[in-house]
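Protein chains: 2
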Amino acid sequence: MILLLGASGYVGGAFQNVLANMDRPCFAASRSEHGYATREGLAKLVAEVKPQFIVNCAGYTGKPNVDACESDKAACLDGNAVLPGYVVEAARQAGIPWGHVSSGCIFSGNGPGGDGFREDDAPNFCFRTNHCSYYSGTKSLGEESLGYREVDDGSGRLKWLSEQEDGFIWRLRIPFDNESSPRNYLQKLINYKRLLSATNSLSHLEEFARACLDCWFERVPFGIYNLTNPGRITTREVTDMMLAENKRREKSGQASPFPQAFDYFDDEDEFMQKAAIAPRSNCVMNTEKAQAAGIRMTPVHEAVERSLRDWAA
Amino acid sequence: MILLLGASGYVGGAFQNVLANMDRPCFAASRSEHGYATREGLAKLVAEVKPQFIVNCAGYTGKPNVDACESDKAACLDGNAVLPGYVVEAARQAGIPWGHVSSGCIFSGNGPGGDGFREDDAPNFCFRTNHCSYYSGTKSLGEESLGYREVDDGSGRLKWLSEQEDGFIWRLRIPFDNESSPRNYLQKLINYKRLLSATNSLSHLEEFARACLDCWFERVPFGIYNLTNPGRITTREVTDMMLAENKRREKSGQASPFPQAFDYFDDEDEFMQKAAIAPRSNCVMNTEKAQAAGIRMTPVHEAVERSLRDWAA
Chain A
832 MILLLGASGY VGGAFQNVLA NMDRPCFAAS RSEHGYATRE GLAKLVAEVK PQFIVNCAGY
892 TGKPNVDACE SDKAACLDGN AVLPGYVVEA ARQAGIPWGH VSSGCIFSGN GPGGDGFRED
952 DAPNFCFRTN HCSYYSGTKS LGEESLGYRE VDDGSGRLKW LSEQEDGFIW RLRIPFDNES
1012 SPRNYLQKLI NYKRLLSATN SLSHLEEFAR ACLDCWFERV PFGIYNLTNP GRITTREVTD
1072 MMLAENKRRE KSGQASPFPQ AFDYFDDEDE FMQKAAIAPR SNCVMNTEKA QAAGIRMTPV
1132 HEAVERSLRD WAA
Chain B
832 MILLLGASGY VGGAFQNVLA NMDRPCFAAS RSEHGYATRE GLAKLVAEVK PQFIVNCAGY
892 TGKPNVDACE SDKAACLDGN AVLPGYVVEA ARQAGIPWGH VSSGCIFSGN GPGGDGFRED
952 DAPNFCFRTN HCSYYSGTKS LGEESLGYRE VDDGSGRLKW LSEQEDGFIW RLRIPFDNES
1012 SPRNYLQKLI NYKRLLSATN SLSHLEEFAR ACLDCWFERV PFGIYNLTNP GRITTREVTD
1072 MMLAENKRRE KSGQASPFPQ AFDYFDDEDE FMQKAAIAPR SNCVMNTEKA QAAGIRMTPV
1132 HEAVERSLRD WAA
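These protein sequence lines are chains A and B, in that order.
Heads up, the first sequence is in my numbering, so the first residue is 832 and it goes up one at a time.
Heads up, the second sequence is in my numbering, so the first residue is 832 and it goes up one at a time.
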């Protein structure tokens, strides 16, 4: 039995579907119904359910986007940084392992070697670097609550290490799939009036959930895993693929599901001035550790193209 | 009616005593009994008690000292950074003002002008500056949860401002009085085997609680107030005063309540290496704002001397 926290959310829903497809038993808990938001409430739930593994998909993301976190700081901190700490505490008390959905948004850029941020790179888009959205700050503190901290080993690269790895941190980054949802990255690109072109790693939602659960079912070594579709992609590449998909459908007499043109901000300065409150994380994740552990995800361009092809408006 | 959160704690107890002495009605709430640790629980308590003012003395300090926070991060964050945000939210929903006990420990040093940190100086011992104890980091985030944030106004001094000042932040710093308690600074100096000499502002506990409540009863303008005894004092000055108090009592045939000698670390490096886990905040607070508002506290040397003279072992 797996205890699934945050089952009513966007990511938690994907975990539920994957577990159902795998025919694996799961207790789907939601915050309002099962009161796991307090240390005591969570311990009580774990004692009742007696799971073999706890998955924490619960988190505070901000609606419609990350800017909303700036005006609801306590709840954002509670959901993203406090709860993970109570999850690992409850798991340790019960003597079982855990998996926590974290985010690549604690990074900004292409990584110290240019080939993406690795699992043991210290976050550079967090409170500690004092350049981040409040959301990213809380997600990074969430990893601290799970035992990770900055370590300067003199290598010139600031490391991110834990003394006790007895669970998984799974890093998601900009979820997408073929289904229209306000949380789907592709839907967001359709909805925003103007876009900012940036280079990012992305995570296909169902592939992400499957990859996380594979870590547990395949008994991959505990630790942090970047679970994004291998590679990097620009916003402009994605919208160009949407225009191409429009054309493909038009040729066969189908309606065009995507806009016929996309408007872009000149640069990040204009975007920050006109559209955003909090700075945004744009980053590339290195996926070699997950791949070496046998966790497979579709290369990002292929995954996006397939979602656009299967797009259900 | 005042709703007092954290009434069972060291600082909350002092508030209860002062309110009783003032003959002011108060509902003394403790976390375990009144379940105010969640957003919903707190809102419910406020709706039941219907206070005119909420005082938040609740917080996570770490026992026996601040090092304990490093290994219980989620609870520390919960008590010091999340709860204050829920307090102000509940107060605003009820249309009443609030007062929150914060700490001077979000600063390190003598302040930008050398005359102590002022209320609108941005914290420099916090997550944002990435040099702090975990405790200090959470106390600073607590002030962020109450609406304060760093503002660079180009003056060369990073400011700490809120757009909405509808309550009080009262900054305590190293509480002491004449009663033996493991939380009393004077008792800590007696108990530690070796001391680190440093310059600090201190707060006499009862005077602090009285000064906080005066802010409310005297209808001082809302905002942040440093409520420390005016002036600065070194650890060595305090232990020298203890030795002098021993002598004074011996002369009149009384027993010596304090050690006959104190051992000091050579410097902060030796202290960090041998005795501490987390870095310590040592700082001087500027008290001009509170004094200008008519909030009086005894100068620090006089207040310490009186506590030593009245020391009840």
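We treat Cβ as the ideally placed atom computed from N, Cα and C, and that holds for glycine.
### Message
Using only CA atoms, which one of Y1023/A, T1129/A, I1064/A, D1098/A lies nearest to L1036/A?
### Response
T1129/A
### Query
Taking all protein chains shown into account, do 16 or more other C-beta atoms lie within 10 angstroms of the C-beta of M832/A, making it buried, or fewer, making it exposed?
exposed
### Task
Return helix, strand or coil for E1010/A, following the three-state DSSP convention.
strand
### Message
Suppose you measure from the CA of Q1122/B to the CA of D1100/A; what does that come to, to the nearest Å?
### Response
44 Å
### Query
Going along the chain, which residues of the segment 1119 to 1141 of chain A sit with their C-beta nearer than 7 Å to a C-beta in chain B?
none
### Query
Which bits of chain A does R892/B rub up against, with CB to CB less than 7 Å?
Note on identity: in this sequence residue 892/B is Thr, with Arg being the wrong assignment. Near T892/B there are no residues of chain A at all, since even the closest Cβ is about 17 Å away, more than 7 Å.
#### Entry: Of the listed residues F1007/A, F999/A, G910/A, nearest to G1173/A (C-alpha basis)
The question about residue 1173/A has no answer here: the residues shown for chain A are numbered 832 through 1144.
### Task
Assign S949/A to buried or exposed, taking buried as 16 or more other Cβ atoms, counted over all protein chains shown, within 10 Å of its Cβ.
It should be noted that the sequence gives Arg, not Ser, for residue 949/A. Its Cβ being crowded by 16 or more others within 10 Å, R949/A is buried.
### Message
Comparing C-alpha positions only, which one of L1058/A, F1096/A, Y979/A sits nearest to R1067/A?
### Response
F1096/A
### Task
Would you kindly check if the distance between the Cβ of S1112/A and the Cβ of C936/A is under 7 Å?
yes
### Message
Using a 10 Å radius around the Cβ and a threshold of 16 neighbouring Cβ atoms, would you call D854/B buried or exposed?
### Response
exposed
### Message
For a contact defined as C-beta to C-beta under 7 Å, what are the partners of E975/A on chain B?
### Response
K904
### Task
Give me whichever residues DSSP pairs with D983/A in a beta bridge.
L989/A
### Message
With a threshold of 7 Å between beta-carbons, can A912/A be considered close to chain B, or not?
### Response
yes
### Message
Just to confirm the assignment, what range does the beta strand (DSSP E) spanning G843/A have?
### Response
It is not in any beta strand (DSSP E) - G843/A instead sits in the alpha helix (DSSP H) that spans 841 to 853.
### Query
CB M1072/A to CB E1136/A, shorter than 7 Å?
yes
### Task
Provide the residue span of the beta strand (DSSP E) that contains A860/B, from first to last.
857 to 860
### Query
Which value, in whole angstroms, describes the spacing of the CA atoms of A1134/B and G947/B?
19 Å
### Message
Judging by CA-CA distance, which residue of E994/B, G916/B, P1013/B, I1064/B is the nearest neighbour of L972/B?
### Response
G916/B
### Query
So W1142/B is in the beta strand (DSSP E); what residue range does that whole segment cover?
It is not in any beta strand (DSSP E) - W1142/B carries neither H nor E in the DSSP assignment.
#### Entry: For L972/A, the first and last residue of its enclosing alpha helix (DSSP H)
965 to 976
### Message
Quick check: does the Cβ of Y979/B come within less than 6 Å of any heavy atom belonging to the ligand ATP?
### Response
Looking at this structure, you won't find the ligand ATP or any other ligand, since it has none at all.
### Query
Contact between the segment 982 to 989 of chain B and the segment 921 to 929 of chain B: three or more CB pairs below 8 Å?
no
### Query
Skipping 5 residues on each side, what residues in its chain have a beta carbon closer than 6 Å to that of A1109/B?
V897, D898, E901, S964
### Task
Mind checking which residues open and close the alpha helix (DSSP H) that includes L1044/A?
1036 to 1048
### Message
Taking its Cβ as the centre, do 16 or more other Cβ atoms sit within 10 Å of R1050/B, making it buried, or is it exposed?
### Response
exposed
### Task
Locate the alpha helix (DSSP H) running through F1102/B, then write down its first and last residues.
1099 to 1105
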